[in-house]
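In this note's numbering, the protein residues as written are 6 to 105.
Down below is the structure, laid out as C-alpha cells.
Here it is as C-alpha cells:
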C-alpha cells in the first residue's frame with residue numbers, strides 16, 4: 006500500500022475510533038512521518054484477521070491499534086480473545102471472577 010494512502014486510512018480509522026486503541030481503549034497519537042516510531046501509544050493499522058485469505062485490506066478487517074497492543078498480539082491469538090485479555094476481562098471469563 007502506498008504511504009499516502011496508508012496515512013489517510015490511518016487518519017480515517019483513528020477518527021472513527023475517537024483516537025482510542027481497538028484493543029485496550031487507551032488514547033493514541035498519530036506521529037509525523039519518520040518520528041518516534043517506538044512510542045507505545047503510536048497509532049498503527051491492525052489487521053483483525055491475519056492472512057490474505059481473510060480479506061487483507063477490506064474495511065471490516067482493519068482497525069487502529071496502539072503500537073504496544075499491535076506488537077503484543079502477534080499472529081497467535083484471534084483479535085477478540087486478545088481484546089478481552091487487554092481489557093482485563095479474560096480472567097473473568099475463565100474463572101468467573103474468583104480468586105485463584
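All C-beta atoms in this analysis are idealised placements derived from N, C-alpha and C, irrespective of residue type, glycine included.
Short of 6 Å from the beta carbon of residue 54, and not among the five residues preceding or following it, lie these beta carbons of its own chain, in chain order: 66. Excluding residues up to 5 positions away in sequence, 26, 28, 29, 31, 33, 45, 46, 47, 48 and 49 lie with their Cβ nearer than 8 Å to the Cβ of residue 71 in the same chain. Only exposed fits residue 17, as fewer than 16 other CB atoms lie within 10 angstroms of its CB.
Beta bridge pairing from DSSP links residue 49 with 70. Ranked by how close their Cα comes to the Cα of residue 37, the residues 77, 20, 12 and 22 have 12 in first place. Per DSSP, residue 10 has no beta bridge partner at all. Secondary structure of residue 25 (DSSP, three-state): strand. Rounded to the nearest angstrom, the gap between the Cα atoms of residue 76 and residue 85 is 16 Å.
Checking the DSSP bridge columns, you'll see residue 37 has no partner listed.
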